[in-house]
Amino acid sequence: MEVGKLGGMLLMEGRNATDGRNATGGKASFEHEEQYWRQRRSFESRGCIRLIAEAGEAADLELKAVKDSLESCKQRTVIAEHNERDLQKKLQAKDREIEQLTQILEQEKKDHKATYEAWKAKWDELMTIGTPEEEGMPAMDELNAGTSKDPLVGPELADKDPMLAD
Numbered sequence: 078m079e080v081g082k083l084g085g086m087l088l089m090e091g092r093n094a095t096d097g098r099n100a101t102g103g104k105a106s107f108e109h110e111e112q113y114w115r116q117r118r119s120f121e122s123r124g125c126i127r128l129i130a131e132a133g134e135a136a137d138l139e140l141k142a143v144k145d146s147l148e149s150c151k152q153r154t155v156i157a158e159h160n161e162r163d164l165q166k167k168l169q170a171k172d173r174e175i176e177q178l179t180q181i182l183e184q185e186k187k188d189h190k191a192t193y194e195a196w197k198a199k200w201d202e203l204m205t206i207g208t209p210e211e212e213g214m215p216a217m218d219e220l221n222a223g224t225s226k227d228p229l230v231g232p233e234l235a236d237k238d239p240m241l242a243d
């Protein structure tokens with residue numbers, strides 16, 4: 078079928094495209110025209126279907142991306158909750174350890190105070206005994222010349238014990 082343009086009118090093989098009559102004045106067969114419109118509608122519907130399919134594919138891809146993102150968020154949430162539980166357990170363990178160390182420190186303070194009080198009492202007792210001058214004992218300078226001036230050494234036993242002097 079040959080199509081041409083003449084003076085703004087569309088002509089197709091001897092037919093006037095505006096009213097569907099052929100050049101001889103009779104009714105033109107609409108077979109070609111119907112076929113043209115069927116093809117055009119088919120093409121348009123295929124185009125619409127193609128557009129719908131492409132839009133559906135794009136929507137599917139977006140939906141998949143959203144689902145993947147949601148799944149990723151869920152996984153991160155599960156991991157974060159697991160980490161939180163672990164940290165809570167560690168914190169509880171540290172709290173128990175702090176409590177134990179506090180009790181140990183309090184006990185050590187009590188023990189230290191008791192030890193201090195015991196030594197202080199012993200020191201006070203030793204200080205109340207006094208010095209030899211206060212009790213009427215001879216001072217170190219007043220000891221006999223034959224005895225040692227060191228009160229811890231004591232007298233020599235060989236001089237005084239006849240059994241040891243062999």
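In my numbering, the protein residues as written are 78 to 243.
From the three backbone atoms N, C-alpha and C, an ideal C-beta is built for every residue, glycine too.
Please report the distance separating the alpha-carbon of E174 from that of K167. If you number the sequence shown from 1, residue 174 lands on position 97. If you number the sequence shown from 1, residue 167 lands on position 90. Distance between the alpha carbons of E174 and K167: 10 angstroms.
Given 7 angstroms as the limit, tell me if I156 has its C-beta closer than that to any heavy atom belonging to the ligand PLP. Although the ligand PLP was asked about, the structure shown includes no ligands whatsoever.
Among residues of its own chain, excluding the 5 on either side of G103, which ones have a beta-carbon nearer than 6 angstroms to its beta-carbon? Numbered from 1 along the sequence shown, position 26 holds the residue referred to as residue 103. Model confidence at G103 stands at a pLDDT of 46, short of 50, so the residue's coordinates are unreliable and nothing is read from them.
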